[in-house]
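Chains as they are written, first to last, in our numbering: chain A, 2 to 172; chain B, 4 to 339.
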Ligand code: FES
Ligand code: FES
């Protein structure tokens, strides 16, 4: 089958790629676009290191033909990393020493982002359930769960501060 | 059918490094024109944090900030020789080599500073923050970075150092069998608590609590991370991981991550540790190797806890539910 052109939204920017049929989103991100934060642990859906968000939902980019995301919104770790400093989830991972070799970290952060977007104050159980599809070979997981808890608090505090300053302005 | 609880204990003495046929690590350090120091190594950072601890050791010895150190590892075509990252040897061997290299580089730096400041080398000190001064005379202070630049552009010199650390080959005494295989030993003891479901044979690890004697800690966060990650790996070896569950038959061998079992976030037990620091006599700043030992004592501690809970003594890893149920059956038959 012939190659075709696929366009999608990557972190707020429209990208256009020419692909053979069944090329995965993971391969397009890493090999065609140079977005290598999305990792390549197994290429068969077993490790979670390739997790990206598609329309806000966590998906394994190694199992996703890029044609399936045509016209959709794809978010990778690059998309959420600010130009200066770190996203609150990244900062929480750093503070909790939740990353050793770092290979699982992009996938863990993306799953955590989807969780916190949907549930800003998750229980311990909810965090553990959200992360079941992601393998970490180094940390023993507890530091990662701790990081997600403190990220939730940081996001919460930031929202409070925003509300506070909006209130100031209103007065 | 019941859920039975048990507690098990195990201890480990773990050697730092091997003597092989002589086991060297080498390091080279040089200052750049901007005053940062490049540490060149052939040892690899596998994710355990070697670059971090080597940066700390180099900064400490040179007297500059950690951020001024660039650790360049693992091109064995161009780097100084290293036997490699294994046997929990890297922090110990490479750290010692880096101290030697940094000491020589520091001397070269002080030699240039002595000319520039017109003061004897013995009268100079570096404050740990990249300032070099005549002792007790803060007004006669210069930045290490400025001396590094002057060395290259005014004095035409290099600020560099070479370091090597070698564990010599140890021959086994044919009469007694005695030899000196390692450099030092770290120690740990682990207590594990488990719950065993006698209907399904499934084991839940409730807690893994350990005491570790690891020599001087260069980086306590990395030490804690290795211990916690190692507890998980030990639990994983004890209960889940195998490439041949019916060895030597290859039946049911896992082919990928979805079949190769490991504990995930839902299986995490409580992991707690205390750390004792008893510096070694020959490690850099008293370091001992810690990496691999952390996956050791949790394994027999868990297997002993299963024995304590059920009376089933298992001597082959991993302890699958099938092995526990077969053990319980055998016990029931023996008693009837
Ligand atoms: S690379 Fe996609 S799940 Fe492992
Ligand atoms: S930090 Fe190494 S796999 Fe998670």
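Just so it is clear, CB atoms sit at the ideal spot from N, CA and C, and this is done for glycine as well. Remember, it's a predicted structure, so these values are computed and weren't measured experimentally.
Indicate the three-state DSSP secondary structure (helix, strand or coil) for residue i in the structure shown.
| i | result |
| --- | --- |
| residue 170 (chain B) | strand |
| residue 5 (chain A) | strand |
| residue 334 (chain B) | helix |
| residue 242 (chain B) | helix |
| residue 80 (chain A) | helix |
| residue 172 (chain A) | Residue placement at residue 172 (chain A) cannot be trusted, given a pLDDT of 48 that sits under 50; the coordinates are not used to answer. |
| residue 9 (chain B) | strand |
| residue 17 (chain B) | strand |
| residue 284 (chain B) | coil |
| residue 151 (chain A) | helix |
| residue 126 (chain B) | helix |
| residue 106 (chain A) | helix |
| residue 31 (chain A) | helix |
| residue 317 (chain B) | coil |
| residue 66 (chain A) | strand |
| residue 162 (chain B) | coil |
| residue 143 (chain A) | helix |
| residue 324 (chain B) | helix |
| residue 26 (chain A) | helix |
| residue 17 (chain A) | strand |
| residue 143 (chain B) | strand |
Quick check: is the beta carbon of residue i nearer than 7 Å to any beta carbon in chain A?
| i | result |
| --- | --- |
| residue 153 (chain B) | no |
| residue 268 (chain B) | yes |
| residue 232 (chain B) | yes |
| residue 271 (chain B) | yes |
| residue 77 (chain B) | no |
| residue 261 (chain B) | yes |
| residue 50 (chain B) | yes |
Would you please verify whether the beta carbon of residue i is less than 7 Å from any beta carbon of chain B?
| i | result |
| --- | --- |
| residue 129 (chain A) | yes |
| residue 101 (chain A) | yes |
| residue 47 (chain A) | yes |
| residue 150 (chain A) | no |
| residue 132 (chain A) | yes |
| residue 105 (chain A) | no |
| residue 98 (chain A) | yes |
| residue 172 (chain A) | Annotation note: pLDDT 48 at residue 172 (chain A) (below 50); position unreliable, coordinate value reported separately. False, the Cβ-Cβ gap to chain B never drops below 7 Å. |
| residue 43 (chain A) | yes |
| residue 143 (chain A) | yes |
Return the CA-CA distance between residue i and residue j, expressed in angstroms with no decimal places.
| i | j | result |
| --- | --- | --- |
| residue 80 (chain B) | residue 257 (chain B) | 37 Å |
| residue 9 (chain A) | residue 72 (chain A) | 5 Å |
| residue 172 (chain A) | residue 165 (chain A) | Here the model assigns residue 172 (chain A) a pLDDT of 48, short of 50, so the residue's position is not dependable, and the following value carries that caveat. Roughly 11 Å between the two C-alpha positions. |
| residue 276 (chain B) | residue 241 (chain B) | 19 Å |
| residue 61 (chain B) | residue 49 (chain B) | 19 Å |
| residue 76 (chain A) | residue 20 (chain B) | 45 Å |
| residue 127 (chain B) | residue 134 (chain B) | 11 Å |
| residue 114 (chain B) | residue 185 (chain B) | 37 Å |
| residue 237 (chain B) | residue 53 (chain B) | 22 Å |
| residue 280 (chain B) | residue 86 (chain B) | 27 Å |
| residue 336 (chain B) | residue 328 (chain B) | 12 Å |
| residue 210 (chain B) | residue 232 (chain B) | 14 Å |
| residue 109 (chain B) | residue 225 (chain B) | 27 Å |
| residue 234 (chain B) | residue 45 (chain B) | 29 Å |
| residue 326 (chain B) | residue 333 (chain B) | 10 Å |
| residue 145 (chain B) | residue 192 (chain B) | 49 Å |
| residue 316 (chain B) | residue 197 (chain B) | 14 Å |
| residue 195 (chain B) | residue 142 (chain B) | 59 Å |
| residue 205 (chain B) | residue 318 (chain B) | 17 Å |
| residue 163 (chain B) | residue 287 (chain B) | 20 Å |
| residue 7 (chain B) | residue 311 (chain B) | 9 Å |
| residue 145 (chain A) | residue 100 (chain A) | 8 Å |
| residue 261 (chain B) | residue 43 (chain A) | 10 Å |
In the DSSP assignment, the alpha helix (DSSP H) including residue i goes from what residue to what residue?
| i | result |
| --- | --- |
| residue 64 (chain B) | 53-65 |
| residue 155 (chain B) | 147-156 |
| residue 89 (chain A) | 89-96 |
| residue 126 (chain A) | 125-131 |
Which residue comes first and which comes last in the beta strand (DSSP E) that contains residue i?
| i | result |
| --- | --- |
| residue 194 (chain B) | 188-200 |
| residue 134 (chain B) | 134-137 |
| residue 215 (chain B) | 206-216 |
| residue 118 (chain B) | Here residue 118 (chain B) belongs to no beta strand (DSSP E); instead the alpha helix (DSSP H) covers 93-120. |
| residue 306 (chain B) | Taken as a continuous stretch (DSSP letters only), residue 306 (chain B) belongs to no beta strand (DSSP E), being part of the alpha helix (DSSP H) at 301-313. |
| residue 33 (chain B) | 26-34 |
| residue 59 (chain A) | 58-61 |
| residue 52 (chain A) | 52-55 |
| residue 40 (chain B) | 40-43 |
| residue 279 (chain B) | 273-279 |
Does residue i come within less than 7 Å of chain C when only Cβ atoms are used?
| i | result |
| --- | --- |
| residue 139 (chain A) | Going by chain labels, chain C is absent from the structure shown, which instead holds the protein chains A and B. |
Check: Residues near ligand 1, CB to any non-hydrogen atom under 6 Å, in chain order?
Finding: Matched residues: A:41, A:42, A:43, A:44, A:46, A:47, A:48, A:49, A:50, A:51, A:61, A:63.
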